[in-house]
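In this note's numbering, the protein residues as written are 100 to 523.
Idealized CB from N, CA, C, for every residue including glycine.
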């Protein structure tokens with residue numbers, strides 16, 4: 100610098116104002132001002148203050164536009180995330196309901212499968228037991244029927260032998276060979292299980308006569324005595340009763356066997372149909388359980404993915420809100436600082452204008468500012484302080500130099516009343 104005199108008394112061709120910066124965001128402002136156009140030094144100060152105020156205002160408007168875009172961005176993204184959270188929340192509820200229902204359905208199916216398994220096992224056990232019982236009953240019947248058939252056959256042949264040997268007067272005449280066959284047949288009857296004890300006693304007594312006679316049963320039956328005749332008639336009656344009884348017993352046993360076989364066949368058919376139905380139901384239940392497990396696995400996988408989306412969107416929304424709130428707070432602070440700065444510039448400009456009366460006359464100089472003491476902020480010291488503050492905030496060295504020169508001018512004692520600008 101060439102000194103205060105050169106700064107204020109620049110050549111008539113041009114005067115360099117310089118650049119003005121507001122914190123780190125101020126852009127470069129450069130202007131070339133003609134001394135002829137600017138006029139007095141007070142006018143230069145006013146123009147400098149107005150230029151800085153205009154720059155601050157423009158930057159404020161640009162920042163406001165950016166802030167409005169930020170607000171729109173925050174609102175749009177917040178709405179999108181909230182919409183996603185709402186949809187995912189509803190999806191989560193639906194999936195949880197699906198999972199709950201699938202688990203409940205699986206439990207019902209498991210119960211049904213268990214009941215069917217127990218029923219099938221019981222039916223198989225019943226069928227197996229009934230089959231074994233039927234087989235045993237049939238074997239017993241076959242054995243008993245064979246014995247009855249043998250007894251009936253023996254009785255019928257014995258009766259035929261006795262009838263052939265029975266005469267019209269009640270005597271039984273048989274030869275030795277026939278008597279032996281009769282005795283053998285009666286022995287078969289005695290060994291049969293179905294013959295009553297009393298009947299066996301009669302047959303035994305009849306056979307005992309064989310041992311009492313020298314010639315055996317044949318001699319006894321041909322003895323011609325009343326006893327022989329009575330014995331022949333009695334044995335024929337006994338054999339006839341036995342044959343009728345044995346035939347009846349066999350017929351009854353055959354009916355019982357037929358009925359037992361019918362009952363078993365019906366039971367078997369019922370149990371077989373039951374097993375067929377229940378096995379089919381069990382197979383269908385197991386297939387349904389498999390399908391339900393697939394539904395459950397799919398729903399659980401979707402729920403896990405949905406929960407992850409909800410967590411991610413919740414985090415994004417929370418971070419977005421925090422970031423937007425912080426930027427809103429920063430913007431509010433910036434607006435407040437800019438308002439204070441514009442207010443300070445306006446106060447400085449107003450103070451200069453009021454104390455200089457327009458600043459076009461050299462008589463209305465900074466010396467006249469020195470005499471105004473009504474308002475400290477509107478006094479020369481107040482203006483100098485505001486210029487210094489603005490210089491520190493904006494980093495503009497021209498404002499700092501101006502404040503320094505005004506300080507020197509205001510402190511100088513001009514005894515002859517000369518204009519203070521003659522000193523700068």
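The alpha-carbon separation between residue 427 and residue 439 amounts to approximately 18 Å. Of the candidates 413, 417, 432 and 425, the residue whose Cα lies closest to the Cα of residue 183 is 413.
In this structure, 170 is the residue among 170, 156, 144 and 161 with its C-alpha nearest to the C-alpha of residue 422. When secondary structure is reduced to three states using DSSP, residue 243 falls in the helix class.
In the structure shown, residue 201 adopts helical secondary structure according to DSSP, grouped into three states. Of all alpha-carbon atoms in 411, 283, 219 and 398, the one lying nearest the alpha-carbon of residue 252 is that of 283. The shortest CA-to-CA distance from residue 349 to any of 204, 186, 203 and 243 is the one to 243. Cβ neighbours of residue 218 within its own chain (closer than 8 Å, five residues either side excluded): 373 and 377. A distance of 8 Å or more separates the beta carbons of residue 288 and residue 335. Straight-line measurement puts the Cα of residue 144 at about 20 Å from the Cα of residue 157. Residue 161 carries a helical assignment under DSSP once its states are collapsed to helix, strand and coil. Around the CB of residue 241, fewer than 16 other CB atoms lie within 10 Å, so the residue is classed as exposed. Inter-residue distance for residue 146 and residue 434 is about 23 Å (C-alpha atoms, whole angstroms). Ranked by how close their Cα comes to the Cα of residue 149, the residues 484, 503 and 446 have 446 in first place.
DSSP, reduced to helix, strand and coil, places residue 291 outside both helices and strands of the structure shown, so it counts as coil. Relative to the Cα of residue 232, the nearest Cα in the group 356, 346 and 245 belongs to 356. Here the C-alpha atom of residue 380 lies approximately 25 Å from the C-alpha atom of residue 230.
Taking all protein chains in view, the Cβ of residue 187 is crowded by 16 or more other Cβ atoms within 10 Å, so the residue is classified as buried. For the 8 Å CB-CB criterion, residue 359 and residue 236 form a contact. Annotation: residue 401 to residue 382 spans about 29 Å, alpha carbon to alpha carbon.
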